[in-house]
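When we follow this note's numbering, the leftmost residue of the sequence shown carries the number 1, and every step to the right adds one.
Structure first, commentary second.
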Amino acid sequence: MAPSTPIETLLDTLARTLGRDGLIPASNIPTRHVSEPRGRYRGQPLALARPDSVEAVAATVSLCAAAGVAIVPQGGHTGLVGGAIAGPGELVLSLERMSRLRRLDPVDACMVVEAGCTLAGVRDAAAEAGLMYPISLASEGTATIGGTLATNAGGNLTIRYGNSREQVLGLEVVLADGRVWSDLDGLRKDNSGYDLKQLFVGSEGTLGIITAATLKLGPAPRQSVTAMLACADLVAGMALLGHLRAGLGECLSACEFMPRQALQFVLADQPNQRDPFDRPHPWYVLVQADSALPGSALQSATLAVLEQALDVRLCSDVILANSLAQVEQLWALREGISAAQKHGGVSLKHDISVPVASIPAFVEATLAALAAAVPGIRPCVFGHLGDGNLHFNLSQPVDLDGEAFRAMESTCNRIVFDQVRRYRGSIAAEHGIGQLRRDELLLGQPLKVELMGKVKQALDPDGLFNPGKVLSV
1 MAPSTPIETL LDTLARTLGR DGLIPASNIP TRHVSEPRGR YRGQPLALAR
51 PDSVEAVAAT VSLCAAAGVA IVPQGGHTGL VGGAIAGPGE LVLSLERMSR
101 LRRLDPVDAC MVVEAGCTLA GVRDAAAEAG LMYPISLASE GTATIGGTLA
151 TNAGGNLTIR YGNSREQVLG LEVVLADGRV WSDLDGLRKD NSGYDLKQLF
201 VGSEGTLGII TAATLKLGPA PRQSVTAMLA CADLVAGMAL LGHLRAGLGE
251 CLSACEFMPR QALQFVLADQ PNQRDPFDRP HPWYVLVQAD SALPGSALQS
301 ATLAVLEQAL DVRLCSDVIL ANSLAQVEQL WALREGISAA QKHGGVSLKH
351 DISVPVASIP AFVEATLAAL AAAVPGIRPC VFGHLGDGNL HFNLSQPVDL
401 DGEAFRAMES TCNRIVFDQV RRYRGSIAAE HGIGQLRRDE LLLGQPLKVE
451 LMGKVKQALD PDGLFNPGKV LSV
């Protein structure tokens, strides 16, 4: 029987266009494409499109544009702000089948990869060529290049290499009318007008669908040193950061911090782990230094810098990893925090940033305001000391019911975000805006949202790309 409605006609045409396994009806869509990882949002998509080429993406967009059907692009779906959840009547477009490495050029030190390639796969391919792609996330086995670029993900090495947008030399993007804009040449210098690729990086799929990217690569480290340091407070931590930067220079690749509360959650969650020190400390700083130079000089140089830090009491204890297993053990303590917070019950999560120098004052002032509003609240503030990105997470008081604490989320959010603005920070450091922080963005930066809306109108006048994310349209 022929399709009887425009939507049925669209789905029938998409099924023929995308071929076998290219279109999955609503009733058969796997849960991972419908619900975000924390289960906070659940979509009601029209169907799931799985194109396997840029031509198939362009055809899908053209057909949906003609039918007036909105599209929600989806990468590895590891985001936590509802940015890839489809509403009723919207089509989910997954890039997971577009996972080819198109080109790796060791002379130009770049690679062209499709949006569905996982971050771990890209890092492995670069390593095989003796190079490195320097974006590293705890979710890199699932997170895709398209998703990390669409959200401008950062990660553990931002202090040295910057966020995802700093690794992009070119993009291939499907526009709202189905045309393909391709700029994959990978030029290091190109001042021929506006840098259009940067419009799409961080736009969360609201301006175009990234289908491929030319990524900048660097030399792979030949020397690497990892250490865990214990600190009395964040003031000492900031002084320690300055000391490490002065002593290690560009070799300082990561400087992560976490409180005792975070370590306790991880130790409860990972039975095979142990406290790295003989006694508890208020704060812990995880440091990684790397060099592409051959030899072993980095180990002795780092040891000297750490000994100086001990001598002037910037830290009270140090453990230098002496094997790959110990390196992995120390990093597991840091990367296991988010999952381990379930041991503290309900956790209210904020992904924020403030100027690096303001971290101690911001944390002290914000925690004092939260403690006054919610007695017994258990803060779990951790993150990237060198770039100002704080995962400002709050676990429920021991003597308070979880749902009662969840009901206080708006109160806690108001305290945190007001302090973020007081210290001239950002309410979204690397997870993006999505649905979760859309209204807060408008509240705090109305002119910015107005200007973003003008860009959206120019590139997606019918509002069919990821509607309701970042902007209300």
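No residue lacks a Cβ here, since even glycine has one placed at the ideal position from N, Cα and C.
Query, Result
"Under 8 Å between the Cβ atoms of C380 and P259?", "yes"
"Do the CB positions of G208 and F200 come within less than 8 Å of each other?", "yes"
"Inspect the CB distances between the segment 107-126 and the segment 38-47 and report whether three or more fall short of 8 Å.", "no"
"Have a look at T17 and V173 and give me their C-alpha separation to the nearest angstrom.", "20 Å"
"So the alpha helix (DSSP H) P6 belongs to, where does it begin and stop?", "6-18"
"Whole alpha helix (DSSP H) runs in the segment 52-105 with 4 or more residues, listed along the chain?", "54-67"
"With C-beta atoms as the reference, is D233 less than 8 Å away from P280?", "no"
"Specify whether the segment 170-188 and the segment 223-242 touch according to this definition: at least 3 beta carbon pairs, one from each stretch, less than 8 Å apart.", "no"
"What does a CB cutoff of less than 6 Å around S353 pick up in its chain, not counting 5 residues either side in sequence?", "G388, N389, G425, S426, A429"
"Can you give me the C-alpha to C-alpha distance between Q74 and D311, rounded to a whole angstrom?", "50 Å"
"With distances taken between CB atoms, is the gap from V57 to L91 smaller than 8 Å?", "no"
"Please say whether S139 and N156 have beta carbons closer to each other than 8 Å?", "no"
"Indicate whether the contact test is met: 3 or more Cβ pairs, each with one atom in the segment 362-373 and one in the segment 396-407, closer than 8 Å.", "no"
"If we ignore side chains and look at the alpha-carbon of each, how far apart do L95 and V374 end up?", "43 Å"
"Alpha helix (DSSP H) containing F200: first to last residue?", "197-200"
"I need the DSSP call for A109, collapsed to helix, strand or coil.", "coil"
"So, is K454 buried or exposed, given that buried needs 16 or more other C-beta atoms within 10 angstroms?", "exposed"
"Can you name the start and end residues of the alpha helix (DSSP H) that L25 belongs to?", "Checking the sequence shown, residue 25 turns out to be Pro, not Leu. From DSSP, P25 is part of no alpha helix (DSSP H) but of the beta strand (DSSP E) over 23-25."
"Starting from the C-beta of A339, find all residues in its chain whose C-beta is less than 7 Å away, skip the five residues before and the five after it, and write them out in chain order.", "D269"
"On the criterion of 16 or more Cβ atoms from any shown chain inside 10 Å, does L187 qualify as buried, or is it exposed?", "exposed"
"Whole beta strand (DSSP E) runs in the segment 210-245 with 3 or more residues, listed along the chain?", "223-231"
"What residues in its chain sit with their C-beta under 6 Å from that of G89, if we drop five residues either side in the sequence?", "L46"
"Kindly provide the ranges of any alpha helix (DSSP H) runs that are 4 or more residues long and lie completely inside the segment 321-386, ordered along the chain.", "324-335, 337-340, 359-373"
"Sort out for me which residues DSSP pairs V285 with in a bridge.", "L229, F257"
"What residues in its chain sit with their C-beta under 7 Å from that of K197, if we drop five residues either side in the sequence?", "V168, G170, L171, D183"
"Is it buried or exposed for L447, if we count other Cβ within 10 angstroms and need 16 for buried?", "exposed"
"Considering only C-alpha positions, which residue in the set D290, A65, Q326, L298 is nearest to N272?", "Q326"
"Run through DSSP, which three-state label would E204 get?", "coil"
"Please classify D317: does DSSP put it in a helix, a strand, or coil?", "strand"
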